[in-house]
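First up is the structure itself, then whatever we jot down about it.
Numbering (this note's numbering), first residue to last: 23 to 193.
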């Protein structure tokens, strides 16, 4: 299905997951710069200080205690992936489904294991569990050690929007 826009389908990424795995937790790209490349995305903040979620050109900082706040335009990020969200297909989920079932629906709709696809899911959720790494301080621990210290929050009977990317296995 053709995109509903004449804009190219691009994904902008600052740094790589490999850099995070190597302990590069300080970035040099500001939120305002990310917003010039997209309106939808994911990432993290300096020192792994929360998860970055960008929806509808608003960048949120999700913290390990389950709170969320709008990120400041000058905050820096060591890693992010953003795009201009232009849905090419809509899938209606008509029955209660878990993560595996929704993932299978998306995979079937995409049709190729080699495509990068932005996925936005809006709805009512029986439960949503979030995990967010706590802010790290220099000298930074290795990523595997830093991610052991993460806040987990479970929300029951909530409505909202989930955002993410379905990436090929080789990515």
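Ideal Cβ placement from N, Cα and C applies to all residues, glycine included.
DSSP places residue 129 in the helix class (H, G or I) of the three-state scheme. Taken through DSSP and simplified to helix, strand or coil, residue 70 comes out as helix.
Residues of the same chain with a CB within less than 7 Å of the CB of residue 65, apart from the 5 flanking positions on each side, are 74, 99, 101, 102 and 103 in chain order. For residue 139, the number of other beta carbons within 10 angstroms of its own is at least 16, and it is reported as buried.
In this structure, residue 127 keeps its C-beta atom at 7 Å or more from the C-beta atom of residue 143. Relative to residue 192, the option among 136, 116, 111 and 78 whose CA is nearest is 136. The way I'd put it, the region 90 to 97 does touch the region 46 to 53; three or more beta-carbon pairs between them come closer than 8 Å. Of 97, 175, 40 and 77, the smallest CA-CA separation from residue 49 is found for 97.
Within the same chain, 34 and 104 come within 6 Å of residue 59 by CB-CB distance, once the 5 residues on both sides are set aside. Cβ-Cβ separation between residue 147 and residue 107: approximately 20 Å, too far for a contact (criterion under 8 Å). In the displayed model, residue 97 falls within coil according to three-state DSSP, outside both helix and strand.
The three-state reading of DSSP puts residue 165 in helix, counting H, G and I together.
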